[in-house]
Amino acid sequence: MSRPAASRRELLGGILAGAAASTVRASSADAAGGAGGDDKLLATLLAVERRLSSTYHRVLASGQLGVIVAPEVSGFLGQEQEHIGALEQVIALRGSSAPSAARFEPGGPLETQSDALDLLLGAERMAESAYFGALSKLEDPALVALAAEIMASEAQHWTLLRALRNPGNLAATVPAAFVTGSP
Amino acid sequence: MVSGSEGREGPASRRSLLLSLGVGLAAVLGAAGCGNAQREPGVRLNRRTRGAGADAHTLNQLLAAEYYAIAAYTAATPLLTGTPARVARRFLGHEVLHADRLISLIQRAGGQARQAPASHDLGHPTTASEIMRLLLKAERAQLTAYLEAAPTLSPGSLKAMAASIFATQAQHAAVWRLQLGQMPAPTALVTGHE
């Protein structure tokens, strides 16, 4: 039986939700800020990716994933790390310094493979939301393209995690025509 | 394999443009899960918005890509069975919703939405694999179109909306690759060239 959405949010400790919300706050404060606003948005997205990566590490370390699922999930973690690398690189190229990674421990018990996949589905959804919010504020076209490419990757991860969670219902792995990170 | 639709005269209403696609709107939107409220991203756009004219032109180019995808799905879906058929029906519904959204935005920007061509050359796929490859090709074409367009659009909300459709097309592509036995998400940055 799946956990209700509120419990999944508790498992994430609200951290990712806070990161997504801070994207909107930061961008609102810098609506006319141009490069400064973009830099803050990049920093927020980097924080989101690091937390997402931590969640993948937690899930993989839990030992709850089966022998077929674990390699797939490990592949997604590899791509999250590429997202981190891409964001760190663009921050450096813009002359900023990447914020140091804050310690983040995704909380809550992981008792089954379904728990583990639900945690990742929630985390990916929150990442989508953060990118979607940032995309409405980013001004540099190159950053818009990069954010779109990464958000699309997170959406693919969500779809494939959903397929692993509920095999046999492939049509339901893309439930909506517009990816926004909203449930 | 050529998609055809009936000739259409004049009216540029959203409904007439969509009906001209010959897809059977009610059934397609039902398959897309439109009984559940589809959350469409809000967009601030009207003919007075800065850059509206250029945006209308860009959105019309995206609409052309959506028309091709709709034609491909419409022709392909009856030839598929089982899981691929169910997937194709759902994805067709999504593409129709995208086209509907683009038409609405083009009109709000003061532009005129282009009409769907009378036919598209879809090649000669005969097997299920060949048909799914056609659909994957249509998705990849949309991915490259949306990624090229999104950074050029003017209001931020329009960029985000284009990116949200881009992400959905990426999901579609992943599912077709999965069905074809390919690596479903081969790259960390989705561009449509993978």
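Same order as they appear, the protein sequences are chains A and B. According to the working numbering, the first sequence is numbered sequentially starting from 1. According to the working numbering, the second sequence is numbered sequentially starting from 1. Backbone N, C-alpha and C fix where the C-beta goes; we use that ideal spot for every residue, glycine too.
Taking 8 Å as the CB-CB cut-off, is residue i touching chain A?
i: B/Glu66; result: no
i: B/His172; result: yes
i: B/Ala47; result: Reading off the sequence, residue 47 of chain B comes out as Arg, not Ala. No, because no Cβ of chain A sits closer than 8 Å to the Cβ of B/Arg47.
i: B/Leu189; result: yes
i: B/Ser13; result: no
i: B/Pro125; result: no
i: B/His98; result: yes
i: B/Ala32; result: yes
i: B/Gly156; result: yes
i: B/Ala71; result: no
i: B/Ser104; result: no
i: B/Gly35; result: Residue confidence is low: B/Gly35 scores 47 on pLDDT, short of 50, so the model does not pin down where it sits. Its coordinate-derived value is still stated next. By this cut-off, B/Gly35 is not an interface position.
i: B/Leu136; result: no
Tell me which residue opens and which closes the beta strand (DSSP E) that residue i is part of.
i: B/Ser119; result: Ser119 to Asp121
Which residues mark the beginning and the end of the alpha helix (DSSP H) in which residue i is found?
i: A/Phe104; result: A/Phe104 -> no alpha helix (DSSP H), and no H or E assigned at all.
i: B/Thr144; result: Ala128 to Ala149
i: A/Ala98; result: Careful: A/Ala98 lies outside any alpha helix (DSSP H) and carries neither H nor E.
i: B/His172; result: Gly156 to Gln179
i: A/Gly85; result: Val69 to Leu93
i: B/Gln197; result: Past the edges of chain B, shown from 1 to 194, lies residue 197 of chain B, and the structure says nothing about it.
i: A/His157; result: Pro141 to Arg165
i: A/Met126; result: Gln113 to Leu135
i: B/Gly53; result: Ala52 to Ala76
i: B/Leu17; result: Arg14 to Leu19
Residue i CB to nearest chain B CB: under 8 Å?
i: A/Ala86; result: yes
i: A/Ser2; result: Confidence is the limiting factor: at A/Ser2 the pLDDT is only 42, short of 50, which leaves the residue's position unreliable and the question unanswerable from this model.
i: A/Ser22; result: Bear in mind that the predicted position of A/Ser22 carries a pLDDT of just 41, short of 50, making it unreliable; the figure below should be weighed with that in mind. Chain B, which has no Cβ nearer than 8 Å to the Cβ of A/Ser22, makes this no.
i: A/His157; result: yes
i: A/Gln79; result: yes
i: A/Ala26; result: Confidence is the limiting factor: at A/Ala26 the pLDDT is only 34, short of 50, which leaves the residue's position unreliable and the question unanswerable from this model.
i: A/His57; result: no
i: A/Leu42; result: no
i: A/Phe104; result: no
i: A/Ala184; result: Residue 184 of chain A cannot be examined here, being either before or after the span of chain A that is shown, 1 to 183.
i: A/Ala177; result: yes
Starting from residue i, find everything on chain A with Cβ-Cβ shorter than 7 Å and list it in chain order.
i: B/Arg108; result: In chain order: nothing, as chain A lies at least about 17 Å away.
i: B/Pro78; result: Per Cβ cutoff of 7 Å: no residues; B/Pro78 is ~16 Å from chain A at best.
i: B/Lys159; result: Leu135, Ser136 and Val144
Could you list which residues in chain A have their beta carbon closer than 8 Å to that of residue i, in chain order?
i: B/Arg86; result: Leu170 and Ala171
i: B/Pro117; result: Simply none; closest approach about 22 Å.
i: B/Thr83; result: Leu170 and Ala171
For a contact defined as C-beta to C-beta under 8 Å, what are the partners of residue i on chain B?
i: A/Pro141; result: Pro151 and Thr152
i: A/Val149; result: The sequence given here has Glu at residue 149 of chain A, not Val. Under the 8 Å cutoff, chain B gives Leu147, Leu189, Val190 and Thr191.
i: A/Ser153; result: Ala170, Ala185, Thr187, Ala188, Leu189 and Val190
i: A/Leu188; result: The requested residue 188 of chain A is not part of the displayed model; chain A covers only 1 to 183.
i: A/Glu82; result: Ala188 and Leu189
Do we get a CB-CB distance below 8 Å when we pair residue i with the residues of chain D?
i: A/Ser54; result: Note that chain D does not occur in the displayed structure, where the protein chains are A and B.
Identify the contact partners of residue i in chain B, using a Cβ-Cβ distance below 9 Å as the criterion.
i: A/Val174; result: Val87, Arg90, Phe91, His94, Thr168, Gln171, His172, Ala174 and Val175
**contact_flag[the segment 127-137 of chain B, the segment 114-127 of chain A] where n(CB pairs < 8 Å) is 3 or more** = No contact exists between the segment 127-137 of chain B and the segment 114-127 of chain A.
**Contact between the segment 102-121 of chain B and the segment 53-65 of chain B (3+ Cβ pairs under 8 Å)** = Proximity of the segment 102-121 of chain B to the segment 53-65 of chain B meets the contact definition, three or more beta-carbon pairs being nearer than 8 Å.
**At least three beta-carbon pairs within less than 8 Å, the segment 81-89 of chain A to the segment 180-190 of chain B** = Per the Cβ contact rule, the segment 81-89 of chain A is in contact with the segment 180-190 of chain B (3 or more Cβ pairs under 8 Å).
**Message:** Below 8 Å, how does it come out for the segment 69-85 of chain A and the segment 50-57 of chain A: are there three or more Cβ pairs, yes or no?
**Reply:** In short, these stretches touch, since the Cβ pair count reaches three.
**Prompt:** When the Cβ atoms of the segment 77-96 of chain B are set against those of the segment 107-121 of chain B, are three or more pairs found closer than 8 Å?
**Reply:** No, the segment 77-96 of chain B does not touch the segment 107-121 of chain B.
**Prompt:** Between the segment 127-136 of chain A and the segment 57-75 of chain A, do three or more beta carbon pairs fall short of 8 Å?
**Reply:** Output reads no: the segment 57-75 of chain A does not touch the segment 127-136 of chain A.
**Prompt:** Would you say the segment 146-153 of chain B touches the segment 163-175 of chain A, given that touching needs at least three Cβ pairs under 8 Å?
**Reply:** Too few Cβ pairs lie closer than 8 Å, so no.
**Message:** Does the segment 131-139 of chain A come into contact with the segment 149-158 of chain A, if we say contact requires no fewer than three beta-carbon pairs (one atom in each stretch) closer than 8 Å?
**Reply:** Touching, yes, given that three or more Cβ pairs across the two stretches are closer than 8 Å.
**Message:** Across the segment 121-128 of chain B and the segment 167-174 of chain B, are there enough close Cβ pairs to call them in contact, namely three or more that are closer than 8 Å?
**Reply:** Verdict: no, contact absent.
**Request:** Report yes or no: do the segment 69-79 of chain B and the segment 154-164 of chain A share at least 3 C-beta pairs separated by less than 8 Å?
**Result:** Three or more beta-carbon pairs separated by less than 8 Å are not found between the segment 69-79 of chain B and the segment 154-164 of chain A, which leaves the two stretches without contact.
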